[in-house]
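S.K.: Let me begin by handing over the structure; questions about it come next.
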Amino acid sequence: MADPTPAEVQQYIAAGLACSELQVEGDGRHFFATIVSSEFEGLNRVRRHQRVYRALGDRMREQIHALSMKTLTPAEWAAAPQDASTEHHH
1 MADPTPAEVQ QYIAAGLACS ELQVEGDGRH FFATIVSSEF EGLNRVRRHQ
51 RVYRALGDRM REQIHALSMK TLTPAEWAAA PQDASTEHHH
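Counting in UniProt numbering, the sequence shown runs from 1 upward without gaps.
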């Protein structure tokens with residue numbers, strides 16, 4: 001089975017989660033997703049990630065071996081600097 005493309009991963013997430021913003025980058029093995037969804041309201045980071053994994057379902061276990069994600073609500077996204085390179089690492 002071929003490794004999924006970032007576009008396919010994006011489709012999988014979008015199919016299972018209502019996103020207002022969704023970006024997926026990757027090389028078939030490692031993916032980085034930025035996911036903005038109002039469904040994340042009131043959830044901590046772990047529960048947000050579980051929600052995304054649930055959207056991906058079995059495909060996640062079979063195909064996507066490394067997915068790192070940034071999960072934000074629309075309000076958090078609006079408040080965040082849009083350029084990832086400006087993030088501060090403490």
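Beta carbons: idealized from backbone N, C-alpha and C, even for Gly.
Taking the continuous beta strand (DSSP E) assigned at G26, which residues delimit it?
M.R.: By 1-based counting over the sequence shown, the position of residue 26 is 26. Run containing G26: 21 to 26, per the beta strand (DSSP E) assignment.
S.K.: Might you give, ordered along the chain, the residues of its own chain that have their beta carbon closer than 8 Å to the beta carbon of S68, omitting 5 neighbours on each side?
M.R.: Against the sequence shown, residue 68 aligns to sequence position 68. Only H30, F31, F32, A33 meet the Cβ criterion.
S.K.: To the nearest angstrom, report how far apart T5 and G28 are at their CA atoms.
M.R.: Here residue 5 corresponds to residue number 5 of the sequence shown, with the count starting at 1. Here residue 28 corresponds to residue number 28 of the sequence shown, with the count starting at 1. Each residue's alpha carbon lies about 6 Å from the other.
S.K.: Does the structure place the region 70 to 81 close enough to the region 33 to 47 that three or more beta carbon pairs sit under 8 Å?
M.R.: The region 33 to 47 is in contact with the region 70 to 81.
S.K.: Cα separation between A55 and N44?
M.R.: Taking the sequence shown and counting its residues from 1, one reaches residue 55 at position 55. Taking the sequence shown and counting its residues from 1, one reaches residue 44 at position 44. Their backbone Cα atoms lie some 17 Å apart in a straight line.
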